[in-house]
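Asker:
Protein chains in written order, with full-length UniProt numbering: chain A, 1 to 203; chain B, 1 to 223; chain C, 1 to 200.
1) Helix or strand or just coil, what does DSSP make of residue 173 of chain A?
2) In chain order, what residues of the same chain lie with their CB nearer than 8 Å to the CB of residue 109 of chain C, ignoring the 5 residues before and after it?
3) Mind checking who residue 206 of chain B pairs with in its DSSP beta bridge?
4) Residue 43 of chain A to residue 19 of chain A, Cα distance in whole Å?
5) For residue 183 of chain B, does the three-state DSSP call read helix, strand or coil?
6) Buried or exposed: which applies to residue 6 of chain C, given that a residue is buried once 16 or more other Cβ atoms fall within 10 Å of its Cβ?
7) Rounding to the nearest angstrom, what Cα-Cα distance links residue 72 of chain C and residue 148 of chain C in this structure?
8) Can you tell which of A:170, A:137, A:122, A:135 has the C-alpha that lies nearest to the C-alpha of residue 151 of chain A?
9) Could you name the residues that DSSP lists as bridge partners for residue 47 of chain A?
10) Residues in the same chain with beta-carbon distance under 7 Å from residue 88 of chain B, minus the five sequence neighbours each way, listed in chain order, please.
11) According to a CB-to-CB cut-off of less than 8 Å, which residues of the segment 169 to 189 of chain B neighbour chain A?
12) Any C-beta of chain B within less than 7 Å: which residues of the segment 141 to 169 of chain A qualify?
13) On the DSSP bridge assignment, give the partners of residue 29 of chain A in chain order.
14) Give the DSSP-derived three-state secondary structure of residue 230 of chain B in the structure shown.
15) Note down the Cα distance separating residue 166 of chain C from residue 132 of chain C, rounded to an integer number of angstroms.
16) Can you confirm whether the segment 144 to 158 of chain B touches the segment 115 to 132 of chain B when touching is taken to mean that 3 or more C-beta pairs between the two stretches lie within less than 8 Å?
17) At least one CB of chain C closer than 9 Å to the CB of residue 32 of chain B: is that the case?
18) Which chain A residues sit within Cβ distance under 9 Å of residue 83 of chain B?
19) Between the Cα of residue 116 of chain A and the Cα atoms of A:98, A:127, A:132, which residue gives the shortest distance?
20) Assuming residue 147 of chain A and residue 173 of chain B form a contact by the criterion Cβ under 8 Å, report the distance between their Cβ atoms to the nearest whole angstrom.
21) What number of angstroms, rounded off, separates the C-alpha of residue 88 of chain C from the C-alpha of residue 83 of chain A?
22) Using a Cβ-Cβ cutoff of 8 Å, what residues of the segment 108 to 130 of chain B are near chain A? List them in chain order.
23) Where residue 79 of chain B and residue 179 of chain B are concerned, what is the direct C-alpha to C-alpha distance, given to the nearest angstrom?
24) Which residues in the same chain as residue 136 of chain B place their Cβ atom closer than 8 Å to its Cβ, once the five residues preceding and following it in sequence are excluded?
25) What does residue 161 of chain B reach in chain E if we use C-beta pairs closer than 7 Å?
26) Determine the burial state of residue 15 of chain A: buried for a count of at least 16 other Cβ atoms within 10 Å of its Cβ, exposed for fewer.
27) Check residue 133 of chain B in the structure and name its three-state DSSP category.
28) On the three-pair Cβ rule with 8 Å, is the segment 66 to 85 of chain B touching the segment 28 to 41 of chain A?
29) Output the distance between the C-alpha atoms of residue 181 of chain A and residue 75 of chain C, rounded to the nearest integer angstrom.
30) Below 7 Å CB to CB, which residues in the same chain sit around residue 16 of chain C once its five sequence neighbours on both sides are set aside?
31) Let me check understanding here. Comparing Cα to Cα, which of B:138, B:205, B:50, B:176 lies closest to residue 219 of chain B?
32) Based on the DSSP output, what are the partners of residue 220 of chain B in its beta bridges?
33) Strictly under 9 Å for the Cβ-Cβ distance: is residue 119 of chain C near chain B by that measure?
34) Skipping 5 residues on each side, what residues in its chain have a beta carbon closer than 6 Å to that of residue 8 of chain A?
35) Between the segment 107 to 125 of chain A and chain C, which residues of the former have CB atoms less than 9 Å from a CB of the latter, in chain order?
36) Would residue 79 of chain B pass as an interface residue toward chain A - the criterion being a Cβ-Cβ separation below 9 Å?
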């Protein structure tokens, strides 16, 4: 369905700040937008994939986003613990951005290990919340849920088991109590299973 | 000089939506294709094609590759442009492959539905339509070859049996881009209907059939 | 393969489930069953023989002619329904019936006084076992013993969930870029080793 790397791809489109170590007066006109000018020592905004590429070539330093600090993340964590619902995070891609920046630019980010731990705690807490709501949703037999503030990677963590389970459950419910069934089975006079009596998730 | 100017494809827009006077930039086109990619990945059925936008990006890529060939290899821009092209190509190929997979899975049904649509409302691009027709023909030939050896009563596969359809009631995750007053959700469990309001920016889980039309209109994004 | 697909003619699981045997007895004389005669050498027996086992798809045909009646197979009778209602999580569903849900759904669509209860049990069993299936798929490393107790539908869901979970775990521990580099280096080393061996 969706590979974590594909979600990371989306995260790479997010904008962050870098401080270049080179000078390039003109803008770079990318399809996704124009960025520049690059002046040594002067911060500017670029998509993460640009930042990572320049950082790998050691031509810039990456500035950690505001939220990527141990105390800020601790606050988020406390807020998340206190809330019954999912809290709104400063970015939709907190896990991926942390992962990418700490992999490529760990020297640029103070307290990298503590940040990693805090982000992991936040992720674990939210995933645990998500799993128990998923379980409740299935038990209560609901057909609609509000998922505000869940990030794509979090949503993907319950895919495909969650939607597939619901689909299977709905198929089990199909035609229950209805007379369609009998019509269905009486039509199948040919000695093969009729398609109307089969069942989803069958491929 | 290397310029990837914001291209103007207002012609496209005018045909579809007269109110939309916004200038179409390459950036905007890229966003549209990225969204179409996600929608296509998560929607059980094949969605209306976005060939105009895909072709537009392909043109851009071609132009850019031409320009890059002229630049010196040491220019710091070259790497970034190349990387961006690879990223865009990845999305386009993933998008097109997802569609091909659906065409192969649901070939008979897709062709039947396509036959009821006018050219402007077509879901398949001309190339996809050609592919679908050939695929269906090959499948038919294949069945005929094998079934020829079966007893008289069983040597034909009737049309209904060949049909494989997407389950439009599959559950999908979505984000609402615009306030929607009323969405009807059929509750299969209780045989009832629920009506809900989708707030701008809200995220939900529900059966695809409830919001299919909004996905096609672009007011709902699958996630 | 795509998962969001409606039931269809080519479904192997559906064909397998429709092959499951059911105990039944004829309530009126059936004639002209042609090649079915091989199952019952003497046609007259069909009326007198109290119980025979026939696959589900065949029973559908006879039910349409109102010439047969059947007993709910063991896995779906009242005793097992009670066991499943008490605690569905302890049951080895695969042992009970490989296609527990699919075959069960087919059964519940047939004309039978317990059809409704059977269907309710299927739904409740599926719901009750969901959390366990999800937990197993997402947590346990060595999951074979529990996997064996899942029916075919649960196995499909479990396997998909498992693959997705492994992707996520790899991503969480190694990231996507790292993974590729690691694979590349590994291949490179293998090639190097191979080359040096060729040279020796």
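Here a beta-carbon is modelled for each residue, glycine too, at the ideal position from N, C-alpha and C.
Answerer: Taking the structure as given:
1) helix
2) 115
3) B:172
4) 4 Å
5) strand
6) buried
7) 24 Å
8) A:122
9) A:15
10) 30, 57, 61
11) 169, 170, 171, 172, 173, 185, 186, 187, 188, 189
12) 141, 143, 144, 145, 146, 147, 148, 150, 152, 155, 163, 166, 167
13) A:34
14) Nothing can be reported for residue 230 of chain B, as the shown portion of chain B is limited to 1 through 223.
15) 18 Å
16) no
17) no
18) 49, 50, 53
19) A:98
20) 7 Å
21) 33 Å
22) none
23) 41 Å
24) 107, 108, 111
25) Among the protein chains of the structure shown, namely A, B and C, there is no chain E.
26) exposed
27) helix
28) yes
29) Its pLDDT being 37, under 50, residue 181 of chain A is placed unreliably in this model, and the value from its coordinates should be taken loosely. Using only the alpha carbons, I get a separation of about 21 Å.
30) 99
31) B:176
32) B:176
33) no
34) 96
35) 120, 123
36) yes
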